[in-house]
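Student: My structure is below; once you've seen it, I'll send some questions.
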Amino acid sequence: MDMHNETSLNISQAMKIMDFQDVVITDLTEDMVKRQYKKMALKLHPDKNGNTDASTKHFQELGEAYALISKVISTEDFVDPFFSDNDFSVGGSYMDILKQFMRSTMEGSYSDKLCEKIKEIVTNYQNISVGLFENIDRDTSLSIYQFLCTYKHLLYIDTDILEKVKSVIQQKFDTLEIYTIEPSVCDLLNDYVYKLNVDGEQFLVPLWHKEMYFDSKSGKEIMVICNPILEKNCNIDDNNNLIVSCDIPFDKSLIEKELVYIECIPNYKIAVFTSMLHFKKLQTVRLRKKGILQINEQTIYNTSTERGDIILKIRFV
């Protein structure tokens, strides 16, 4: 399909396909659009969705949506280096797209060797062994594990595979111990710190961080990965923004009250001013700086640092 032909999509449809309903198009940058395309392409690629006609159509629509949004936000004539001969295209293989996605998300730590190892795990996970990690150092091994943990849903990797990879890494590097914590979204929003006990030592883990490292008295390094348990209606982006889909009863309380409290996350209510809501069935409300703490590498326990946004995708019922 020629990406530069006219598309039958309108901009509203394109924004929905690219999962940009919560973003004003004038706020988008070319880099944001490219990154989002790569992420959505991994999720929707036909190779990971049965190679059905429907999955192929969805993938083609994603490419059309990308091209249309890129053209709208471009300040110059639409010349698209993202789909050049040296990059992947809408018709590219799953592995080509994975490679480009890794380049964009692993700035400073990407290497072809690292990409090849992840490719082997994703395509041939039955044969994960110590041999897979031969001739690669510890930092590269940990980068592989962190990448798999962070994007397990996009890569369709289950917990058993992650455990196998972790076990193999620990076999090779016997001075390293890896622990995985699975906090709830409520834990993150409440700024909880987890007490991890290892051989009589206690380590305090701020749950809003994606990973932490500690030195133990035994001489081993402790690596802790926080892998939040997400409900089906929740997602956390790379900037710690929380995106939540929720249904709200459409009743007179929306007129009578100044605030409504939405419990779309277990054990946590989100306050929304009714003046922010519009008289339409589907809408997005962005609560700026009301969400999960931003990661501060200098003061890791600082709870007065800036917060991410809570983005509510609301449906009146």
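Going by the working numbering, the sequence shown opens with residue 45, and the numbers climb by one from there. By construction, the Cβ of each residue, glycine as well, lies at the ideal position given by its N, Cα and C atoms.
1. Pick helix, strand or coil for K357, following the three-state DSSP scheme.
2. Counting pairs of Cβ atoms below 8 Å between the segment 97 to 115 and the segment 79 to 87, do you hit three or more?
3. Looking only at its chain, what residues have a beta carbon closer than 6 Å to the beta carbon of T343, apart from the 5 residues adjacent to it on each side?
4. Among the residues of its own chain, which have a CB less than 6 Å from the CB of K216, if the five just before and after it don't count?
5. Report the option in C270, V77, T194, I165 whose CA atom is closest to the CA atom of I117.
6. Near D75, which residues of its chain fall below 7 Å by C-beta distance, leaving aside the five closest residues on each side in sequence?
7. With N277 and C308 assumed to form a contact (beta carbons below 8 Å), what rounded beta-carbon distance in angstroms separates them?
8. Return the chain-ordered ranges of every beta strand (DSSP E) run that is complete within the segment 209 to 248 and spans a minimum of 3 residues.
9. What is the rounded straight-line gap between the Cα of Q104 and the Cα of K261?
10. Between Q80 and the rest of its own chain, which residues show a CB-CB distance below 8 Å, the 5 nearest in sequence each way excluded?
11. Where does E108 fall in DSSP's three states?
12. Here's a check: name, in chain order, each residue in its chain whose Cβ is nearer than 6 Å to the Cβ of N130, leaving out the five neighbours to either side.
13. Taking the alpha-carbon of D259 as reference, which of H253, F247, C270, I269 has the nearest alpha-carbon?
14. Please go through the same chain and pick out, in chain order, the residues whose beta-carbon is closer than 7 Å to the beta-carbon of Y138, but skip the five residues on each side of it.
15. Between the beta-carbon of R359 and the beta-carbon of D291, is there less than 8 Å?
Tutor: With the structure as the only source:
1. On the sequence shown, residue 357 is found 313 positions in, with the first residue counted as 1. Three-state result, K357: strand.
2. yes
3. Against the sequence shown, residue 343 aligns to sequence position 299. Taken in chain order, the list of residues that qualify is empty.
4. The residue labelled residue 216 in the question sits at position 172 within the sequence shown. Counting only Cβ-Cβ distances below 6 Å, and skipping sequence neighbours, we find V174, F177.
5. Locating residue 117 in the sequence shown gives position 73, counting from the first residue. Comparing Cα-Cα distances from I117 to each of C270, V77, T194, I165, the minimum goes to V77.
6. To locate residue 75, count along the sequence shown from 1; it is residue 31. Cβ within range, chain order: n/a, list empty.
7. For the purposes of this step, residue 277 is identified with residue 233 of the sequence shown, where counting begins at 1. For the purposes of this step, residue 308 is identified with residue 264 of the sequence shown, where counting begins at 1. So it is a contact: roughly 6 Å between Cβ atoms.
8. 220 to 225, 237 to 242
9. To locate residue 104, count along the sequence shown from 1; it is residue 60. To locate residue 261, count along the sequence shown from 1; it is residue 217. Each residue's Cα considered, the two are about 55 Å apart.
10. Numbered from its first residue, the sequence shown carries residue 80 at position 36. Only M62, D63, F64 meet the Cβ criterion.
11. Your numbering for residue 108 matches position 64 in the sequence shown. E108 falls in the helix class under three-state DSSP.
12. Numbered from its first residue, the sequence shown carries residue 130 at position 86. Reliability fails at N130, whose pLDDT of 43 lies under 50, so the model's placement of it is uncertain and no value is given.
13. In the sequence shown, the residue the question calls residue 259 occupies position 215. Of the candidates H253, F247, C270, I269, the one whose C-alpha sits nearest the C-alpha of D259 is F247.
14. Against the sequence shown, residue 138 aligns to sequence position 94. For Y138, where only same-chain residues beyond five positions count, the Cβ hits under 7 Å are H89, D91, K92.
15. Translated into the one-based positions of the sequence shown, residue 359 becomes position 315. Translated into the one-based positions of the sequence shown, residue 291 becomes position 247. Contact: yes.
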